[in-house]
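> For my numbering, add 279 to where a residue sits in the sequence shown, where the first one is 1. Input: one structure, supplied below.
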Amino acid sequence: NHQVQVNAFHCTTVISACGKSTLWDSALSLFRRMPDLHVMRSEVTYGPSISACAKSGQWELALEVLGAMPEVTLITCSAAISACTKDGHWEMALALLNQMSASRLDPDTISCSACITACEKAGAWQAALRLLHAMPLQSVVADRICYNAAISALASGGQWLQALELLGNLPVRP
């Protein structure tokens, strides 16, 4: 009599599927039930749980899941930053980025671009520009998403001269 027992793989697969279907409440319900099912949570289960909340605009719940992690990782923190981006909570996104540095996690292009995008959506063009200019100091290379979001933030804020200047500083393809 061989019975298959629920494991972390099963839970993660279902949590991911629920997240893709914007069933954040089902994803979170399973995530919260994992200890009752005698299944250990790990980065592999925290990440999809945070992403499920993020995709449905449940940024506070995404932060709650992140806060429950024994040790925050670059991937889970970036997912939480993305959750804040969707609802325009740029200050929280920047706080998470700063928390990464305090936790000895090096921000990457993805986490920085998510923060710049959060600033852009909220009309915080000064913060977007500061972050873009600070990226090289942290050895992070800005990609086109970073520049697009910063230029959009400047344009939305009526800072067309700075937007033109930033555009003029971009490398031209050969």
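Idealized CB from N, CA, C, for every residue including glycine. The model shown is predicted, which means the values in this text are computed figures rather than measured ones.
Whose CA, out of Asp422, Ala381, Ser435, lies closest to the CA of Leu449?
Position 170 of the sequence shown holds residue 449. The residue with the shortest Cα to Cα distance from Leu449 is Asp422.
> Mapping DSSP to helix, strand and coil, what is His412?
Position 133 of the sequence shown, counting from 1, holds the residue named residue 412. Three-state result, His412: helix.
> If you draw a straight line from the alpha carbon of Ala428 to that of Pro327, how long is it in whole angstroms?
As a first step, residue 428 is located in the sequence shown; it is residue number 149 there, counting from the start. As a first step, residue 327 is located in the sequence shown; it is residue number 48 there, counting from the start. For Ala428 and Pro327, the distance between alpha carbons rounds to 25 Å.
> Verify whether the separation of the beta carbon atoms of Glu322 and Ile354 is less than 8 Å.
In the sequence shown, counting from the first residue as 1, residue 322 sits at position 43. In the sequence shown, counting from the first residue as 1, residue 354 sits at position 75. Their beta carbons are under 8 Å apart, which means Glu322 touches Ile354 by this criterion.
> The alpha helix (DSSP H) spanning Val293 covers which residue range?
The sequence position of residue 293 within the sequence shown is 14, counting from 1. Segment 287-299, the alpha helix (DSSP H) holding Val293.
> Which of the three DSSP states, helix, strand or coil, is assigned to Arg383?
Position 104 of the sequence shown holds residue 383. Three-state DSSP puts Arg383 in coil, outside helix and strand.
> Relative to the alpha-carbon of Ala407, which residue among His368, Glu350, Thr292, Thr301 has its alpha-carbon at the smallest distance?
The sequence position of residue 407 within the sequence shown is 128, counting from 1. With distances taken between Cα atoms, Ala407 lies closest to His368.
> Quick one: Cα of Arg452 to Cα of Gly336, how far?
As a position in the sequence shown, residue 452 is number 173, starting the count at 1. As a position in the sequence shown, residue 336 is number 57, starting the count at 1. About 37 Å.
> Kindly indicate the opening and closing residues of the alpha helix (DSSP H) around Leu399.
Along the sequence shown, one-based indexing puts residue 399 at 120. It should be noted that the sequence gives Glu, not Leu, for residue 399. 388-401 is the extent of the alpha helix (DSSP H) around Glu399.
> Where does Met319 fall in DSSP's three states?
Sequence index remark: in the sequence shown, residue 319 carries index 40 (1-based). Note: Met319 maps to coil in three-state DSSP.
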